[in-house]
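>
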Amino acid sequence: MSSPSWRGGSLPSWNVRILTVSYTKEDEVIIEIFGKTDDNKSITARYMGFKPYFFLVTPSSGIVAELRNSSNVVSVEDVELLHDGRERRCVKVTIKYPWMVPDYRKAYASQCKVLAADIPFGHRFMYDMDLGGCVKITGKKVKSEKYTTDLVVEVSKFEETPPFKPALKILSFDLENSIKTNEILTICCAISDGGEITRESLVGDEKGMIIDFVELVKKTDPDVITGYNIDGYDIPLMLERAQHHRISMLDLGRDGTEVRNVANRFWRAKGRIIADAWWNAKKELRPKQETLNAVSKLVLGEQKDDVNPILIDQEWAADKEKVVKYCIKDAELALRILQKIAVLEKNMDLATVSKLPLDDVVNGRTSTLIDSVLIREADKNKIAVPLTGGFGKEGQIEGGYVHTIDPGLYDWVGVLDFKSMYPSLIIAKNICFTTLSKEGTIKTPEEGVSYLDKETRLGLLPQVLERLMKDRDSTKAKMKAAKDPGEKQYYNGLQEAIKVLMNAVYGVFASSFYRFTNPKIGASITAFARENTKSIISQLEAEGVKVIYGDTDSVFFQSPGNTLDEALELGKTIAKRYSKEGAILEFEKIINPLFSHGAKKRYVGNIVWPEESMIVRGYETRRTDAFNAQSDSLTKVFEMILGHDTEGAVSLARETVTAIANGEVKVEDLVISRSCKTFSSYKDPDNQTTVQTAKKLMALGYEFTPGMKVSWIVTDGRKTPMEVEPYVSGRAFDKPPDYEYYARRVAMTLARVTDTFGWDVQELLTGSQQQSLFSFGGDAAKPKKKEEPKVKKTDKELTLDDFL
């Protein structure tokens, strides 16, 4: 891991957390590693001499001769690689410049199989040098006006170093622009360097503000640039206005290069991470409403300042200082949200375990993480790395087994969880793209699919996952032994990151797009998982244990006893007795009671061991597109049911529906939110409620970016499409909601529960069998007295065959 040695005395070294990796062309191609040292200095580390390459499988002699004669080809070497289950003669083609690789890929794709020709050059360098998220860099300090970093180093050597989390300097910005002309009125920033927040505001002529903003970024040299919806609004608008003034580029990179959009997904500025606070809050929190005001209230307990965006031109003319203060507050809120959700810290852990620059974890895809792990191992084992491709719909695989639950209320329910089921199965059955073979002795439940055993060939996937599982167990042990809270938190972050990576491995192999994907692999894994679950359930029922529910990686059984101790003893006994290689059972929790209306993956209960809490799966209390009146009323009904007050639960459901029909509900509890895509992506956009809302929001002067959640209140649910009005947190709503629509929606939600006790949607809506709530201007009729609701009990003699 060294470049040409430097002459003279010993060279200094720095421990560096890698933020981004890129390259530049000078006399030759130079790799640029931008990072932060463990003493919080920004650094640019330059490495020379690394060349791009790719492979061709069994090329003709004519192709080889053509390559050897090409002026841009550095070398052509013969290599043996494992490809499609057997050793194949290949050539490694090294060329001068990374930007030429796509041309060579296209030129030879129709003549022979091309391998490893779509790996980003920076990643290829990280893999070949086996660099991690943190690295010790030895080299010579040089002076350079090109970079804004504290240090510029010509690298002599790379070495491993323990991972660390430097304090990152974050600059958050917001801009306000004229509704009439789009002209930027002010650009404001909030900057944090690990301590207090400093604030900057730019006003004046538009061209000068844009130039001053670029200079401010260079001067403050942030590691991270953020803001709320800057990806979709602020950066594109600033670029548009810069072009209007013929400013050649928005050079926000640490090397003076311009900011650029990547695949219409995110933005890059060399050496910096652009982390949109909106996008990261959306991923981390999945909030019901995604406006800055709503997320600020949720995360910080604070709200935006009061300025009406549709009247921004008038507000600016009347009181510039008020608008600037408003803009600064928006920038500061975005900064504090990003800090509060700790997304950078979590992603540093993921960067450590996936051995990637932080930017590639913050803005990359899951497949990027898996590539970093698998391609390194493939290269070490001389295994071919195919190009990213897809299998289409025919590659879709059958999901996990679900053991249906009967409607009802169950006491003393134990939950058994298959520990890391998919990784365990991959290891136990040696499942891998390198072991998939007709000659394999490990037969799968999928017809005609088999794998070589470990003695014949140990699969790459099992090797990687076994190492990750050991690493996680070791990290969890260190976490448990740690006395210092900070040290405990550090190890917890690492073990959680390893868990994410392990789960992601199965995720990409079950997809249809990953480079190593074969639909038979994902199908094999889920088939073995279904077999495991069915087998455990069958054995338990044969022993007289009542299994009430089972899904992909867990089994729910009912204890015949009436105490916690009896349920605990039974659960631990079952877990020990039925664990085997590829299916390690862990006794996870006891729920008392548990309720379900009989739909798969929908249940609610009180966890009483190992810690007390309420668990809800699949119901509207968990859905982010449910309105508060819907989810809150369902939660209250659940609480009564779990308290064994089923009659009270039904009464509460009826009263709630009546109250909503009569308008006895807060307007903010009726807000519905859903993500809205690009308008043109809908077949009939004008009939889409989300599109209707987004267009009305934009007409009111609010920002909208495709993919963002929009919020509305239904004012007429009888029309097609429904008539809705946008709801903005902090802005007065003065239109009358359609209470009949909301009462029906809540009745439909609650009836999924109350139907178990004999009360359906219509009965909740009417209150009596003859009279509708809406028949007399919304006045509720008194309900007829019904029999006390009784739980529909399940037959204890049911077996697995009845469910199948």
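Going by the numbering used here, the sequence shown opens with residue 28, and the numbers climb by one from there. For each residue, glycine too, the CB sits at the ideal point set by N, CA and C.
Looking at the C-beta of histidine 624, does it have a partner C-beta in chain D at a distance below 8 Å?
Given the protein chain composition of this structure (a single chain), no chain D is represented.
> Can you give me the start and stop residues for the alpha helix (DSSP H) that valine 718 sits inside?
Here the alpha helix (DSSP H) through valine 718 covers 716–726.
> Sort out for me which residues DSSP pairs phenylalanine 614 with in a bridge.
Leu443.
> Excluding the 5 residues preceding and the 5 following lysine 704 in the sequence, name in chain order all residues of the same chain whose CB lies nearer than 6 Å to its CB.
If we look at lysine 704 and ignore the five residues flanking it on each side, its Cβ neighbours are Pro733.
> Considering only the beta carbon of each residue, do methionine 375 and arginine 44 sit closer than 8 Å?
Yes, these two residues count as a Cβ contact at 8 Å.
> Let me know the secondary structure DSSP gives lysine 163 once reduced to three states.
Lysine 163: strand per DSSP, three-state reduction.
> Using only the alpha-carbon positions, how far apart do asparagine 42 and isoleucine 617 sit?
Distance between the alpha carbons of asparagine 42 and isoleucine 617 is about 47 Å.
> Please name the residue in Glu593, Glu404, Lys382 whose C-alpha comes closest to that of leucine 108.
For the residues Glu593, Glu404, Lys382, the minimum Cα distance to leucine 108 belongs to Glu404.
> Between threonine 188 and lysine 163, which are expected to be in contact by the criterion C-beta below 8 Å, what is the C-beta distance as a whole number of angstroms?
About 4 Å; that satisfies the 8 Å criterion.
> Leaving out five residues on either side along the sequence, give the residues of the same chain with a beta carbon under 8 Å from the beta carbon of cysteine 459.
Here the set comprises Ile453, Tyr478, Gly486, Leu487, Leu488, Pro489, Ile548.
> Note down the Cα distance separating arginine 132 from phenylalanine 81, rounded to an integer number of angstroms.
Distance between the alpha carbons of arginine 132 and phenylalanine 81: 9 Å.
> Decide if the region 390–398 is in contact with the region 84–98; the criterion is three or more beta carbon pairs, one per stretch, under 8 Å apart.
The region 390–398 is not in contact with the region 84–98.
> Report the option in Leu567, Val737, Asp105, Ile224 whose CA atom is closest to the CA atom of lysine 722.
Taking only the C-alpha atoms, the option nearest lysine 722 is Val737.
> If you follow the beta strand (DSSP E) that histidine 110 is in, where does it begin and where does it stop?
Where histidine 110 is concerned, the enclosing beta strand (DSSP E) stretches over 100–110.
> Tell me where the beta strand (DSSP E) around glycine 6 begins and ends.
The structure shown does not extend to residue 6, since the chain is modelled only from 28 through 831, so no value can be given for it.
> Any idea what DSSP makes of threonine 247, helix, strand or coil?
Here threonine 247 sits in helix by DSSP.
> With distances taken Cα to Cα, identify the nearest neighbour of leucine 94 among Glu55, Thr253, Val128.
Ranking Glu55, Thr253, Val128 by Cα distance to leucine 94 puts Val128 first.
> Mind checking whether alanine 556 and glycine 427 have CB atoms under 8 Å apart?
Yes, the Cβ-Cβ distance between alanine 556 and glycine 427 is below 8 Å.
> Among all the DSSP beta bridges, which residues are the ones paired with histidine 624?
Answer is none; histidine 624 lacks a bridge partner.
> Who are the Cβ neighbours of leucine 266 in its own chain at under 7 Å, not counting the five residues just before and after it?
Here the set comprises Leu277.
> With DSSP collapsed to three states, give me the class of threonine 47.
Residue state, collapsed to three classes: strand.
> Does the contact criterion of 3 or more C-beta pairs under 8 Å hold for the region 135–147 versus the region 487–507?
With a cut-off of 8 Å, the region 487–507 and the region 135–147 do not count as touching, because too few Cβ pairs lie within range.
> If you reduce the DSSP assignment to three classes, tell me which class serine 700 lands in.
Three-state result, serine 700: strand.
> Use the C-beta contact count for tryptophan 305: other C-beta atoms within 10 angstroms, 16 or more gives buried, fewer gives exposed.
Counting Cβ neighbours within 10 Å, tryptophan 305 comes out buried, since at least 16 surround it.
> Could you pull the start and end residues of the alpha helix (DSSP H) that lysine 170 belongs to?
Counting along the chain, lysine 170 falls outside any alpha helix (DSSP H), and DSSP gives it neither H nor E.
> Specify whether the region 150–158 and the region 109–121 touch according to this definition: at least 3 beta carbon pairs, one from each stretch, less than 8 Å apart.
Flag = no, the region 150–158 and the region 109–121 do not touch.
> If you reduce the DSSP assignment to three classes, tell me which class methionine 735 lands in.
Reduced to three states, the DSSP call for methionine 735 is coil.
> Going by CA-CA distance only, name the one from Leu362, Trp636, Leu679, Leu360 that's closest to leucine 591.
Considering only alpha carbons, the answer is Trp636.
> Between alanine 358 and the rest of its own chain, which residues show a CB-CB distance below 7 Å, the 5 nearest in sequence each way excluded?
Closer than 7 Å at Cβ, skipping near neighbours: Ser199, Phe200, Asp201, Cys215, Cys216, Ala217, Gly254.
> Less than 8 Å separating the beta-carbons of lysine 245 and aspartate 177?
No, these two residues do not count as a Cβ contact at 8 Å.
> On the three-pair Cβ rule with 8 Å, is the region 618–625 touching the region 657–673?
Yes, the region 618–625 is in contact with the region 657–673.
> Beta carbon of tyrosine 769, beta carbon of isoleucine 687: below 8 Å?
Yes, these two residues count as a Cβ contact at 8 Å.
> Here's the rule: buried if 16 or more other CB atoms are within 10 angstroms of the residue's CB, otherwise exposed. What is aspartate 398?
Burial call: buried.
> Does the region 216–235 come within contact of the region 359–368, defined as at least 3 CB pairs closer than 8 Å?
Yes, the region 216–235 is in contact with the region 359–368.
> Counting only the same chain and skipping the five closest in sequence on each side, list residues whose C-beta sits under 7 Å from that of glutamate 730.
Within the same chain, glutamate 730 has close Cβ partners Asn256, Tyr260.
> Does valine 289 pass the burial test, meaning 16 or more other C-beta atoms within 10 Å, or should it be called exposed?
So valine 289 counts as exposed.
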